[in-house]
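**Student:** This is the structure I want to talk about, given as structure tokens.
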Amino acid sequence: MPHDHPSHSHEGMSPSGHPYREDNDTALTYWQQMEIAVRELLVEKGLVTPEEIARQIDAMDARSPANGAAVVARAWTDPAFKQRLLADASAASREMGFDIGPLHLIAVENTDTTHNLIVCTLCSCYPRNLLGLPPDWYKTRAYRSRAVIEPRTVLREFGVELPDDMQVRVHDSTADMRYIVLPARPAGTDDMTEEQLAALVTRDSMIGTGLPRTP
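Here it is as structure tokens:
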């Protein structure tokens, strides 16, 4: 929004033109209280230190879609790796040095006839080790329900127009099973390096709500 009238504010907007955010000073939920209690107990018993917890949080926050983009670019350029990725995405990701933990990761491939869309209908299960933190809209009730009920409409709202004869497959993530989309490689990229290809891979293209950038 324009910022040239700081003396005037719209309802729900700060004087700078940005929307107000609710303060997070509400009472702690049961699970938040449990997390604090368990964390403090582990520290008290000497099983972990506050510094180790902080380092782990920093490591988690440092994860980004660039990890997943590197995996996709490798699959685009290495047919053998692509087959390993589709057969066992967990092992293929570890092969590239990405620690995805114990979860079962499944890669689903977009083709000329099939488009894949990822959702978590219960909460926000998401391959964070490869894609970083999920976007806010991924966690909303609207996306979690509408992606299953009317996926084509949701995709259209994200700017993805699909042919009527293309099948849309919706995959529901769980606590121990996550999905990542292997998007179709854009045309005109035959001479691009793996690093250049990775720059074309967007976060949304690995969720299914977007497509890779065009060169």
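Here the sequence shown is numbered in the working numbering, starting from 223 and rising by one per residue.
The C-beta atom is built at its ideal place from N, Cα and C for all residues, glycine as well.
Spatial neighbours of Gly-430 within its chain, please: C-beta separation below 6 Å, excluding the five flanking residues on both sides.
**Tutor:** Your numbering for residue 430 matches position 208 in the sequence shown. If we look at Gly-430 and ignore the five residues flanking it on each side, its Cβ neighbours are Asn-338, Leu-339, Ile-340 and Val-403.
**Student:** Could you check where the alpha helix (DSSP H) with Asn-289 kicks off and where it finishes?
**Tutor:** Here residue 289 corresponds to residue number 67 of the sequence shown, with the count starting at 1. Taken as a continuous stretch (DSSP letters only), the alpha helix (DSSP H) holding Asn-289 covers 287-299.
**Student:** Return the chain-ordered list of same chain residues with a C-beta closer than 6 Å to the C-beta of Glu-417, the five sequence neighbours on each side being excluded.
**Tutor:** Position 195 of the sequence shown, counting from 1, holds the residue named residue 417. Counting only Cβ-Cβ distances below 6 Å, and skipping sequence neighbours, we find nothing.
**Student:** Enumerate, from N- to C-terminal direction, the unbroken alpha helix (DSSP H) stretches of 4 or more residues contained entirely within the segment 320-406.
**Tutor:** Complete alpha helix (DSSP H) runs here, min 4: 350-353, 363-371 and 373-379.
**Student:** Return the CA-CA distance between Leu-419 and Ala-311, expressed in angstroms with no decimal places.
**Tutor:** Reading the sequence shown from its first residue, position 197 is the one you call residue 419. Reading the sequence shown from its first residue, position 89 is the one you call residue 311. For Leu-419 and Ala-311, the distance between alpha carbons rounds to 19 Å.
**Student:** With DSSP collapsed to three states, give me the class of Lys-304.
**Tutor:** In the sequence shown, the residue the question calls residue 304 occupies position 82. DSSP places Lys-304 in helix when its eight states are reduced to three.
**Student:** Give me the residue from Leu-327, Gly-290 and Glu-257 with the minimum Cα distance to Ile-275.
**Tutor:** Along the sequence shown, read from residue 1 onward, the residue named residue 275 stands at position 53. Taking only the C-alpha atoms, the option nearest Ile-275 is Glu-257.
**Student:** Ile-371: buried (16+ other C-beta within 10 angstroms of its C-beta) or exposed?
**Tutor:** What you label residue 371 is simply residue 149 of the sequence shown in a count that begins at 1. Exposed: under 16 other Cβ atoms inside 10 Å.
**Student:** Report the rounded CA-to-CA distance for Met-235 versus His-326, giving the unit in angstroms.
**Tutor:** Counting from 1 along the sequence shown, the entry for residue 235 is found at position 13. Counting from 1 along the sequence shown, the entry for residue 326 is found at position 104. Because Met-235 sits at a pLDDT of 45, beneath the cut-off of 50, its placement in the model cannot be relied upon, and the point is left open.
**Student:** For Tyr-401 versus Val-330, is the C-beta spacing smaller than 8 Å?
**Tutor:** In the sequence shown, residue 401 corresponds to position 179, counting from 1. In the sequence shown, residue 330 corresponds to position 108, counting from 1. Contact: yes.
**Student:** Tell me whether the beta-carbon of Gly-290 lies closer than 8 Å to the beta-carbon of Leu-353.
**Tutor:** Position 68 of the sequence shown, counted from the start, is the residue given in the question as residue 290. Position 131 of the sequence shown, counted from the start, is the residue given in the question as residue 353. It is a contact, given that the beta carbons lie within the stated cut-off.
**Student:** When the Cα atoms are used, what is the spatial distance from Pro-356 to Asp-387?
**Tutor:** Along the sequence shown, read from residue 1 onward, the residue named residue 356 stands at position 134. Along the sequence shown, read from residue 1 onward, the residue named residue 387 stands at position 165. Taking the straight line from one Cα to the other gives about 30 Å.
**Student:** Figure out for me which residue from Trp-298, Gln-255 and Leu-307 has the closest Cα to the Cα of Thr-415.
**Tutor:** Counting from 1 along the sequence shown, the entry for residue 415 is found at position 193. Taking only the C-alpha atoms, the option nearest Thr-415 is Trp-298.
**Student:** What's the gap between the Cα of Ala-170 and the Cα of Ala-281?
**Tutor:** The chain is shown only over 223 to 437; residue 170 falls outside these bounds and no answer can be derived.
**Student:** Does DSSP put Ala-409 in a helix, a strand or coil?
**Tutor:** By one-based count along the sequence shown, residue 409 stands at place 187. Of the three classes helix, strand and coil, the one that applies to Ala-409 here is coil, per DSSP.
**Student:** Once DSSP output is grouped into helix, strand and coil, what is the label at Asp-310?
**Tutor:** Residue 310 sits at position 88 when you count from the first residue of the sequence shown. Asp-310: coil per DSSP, three-state reduction.
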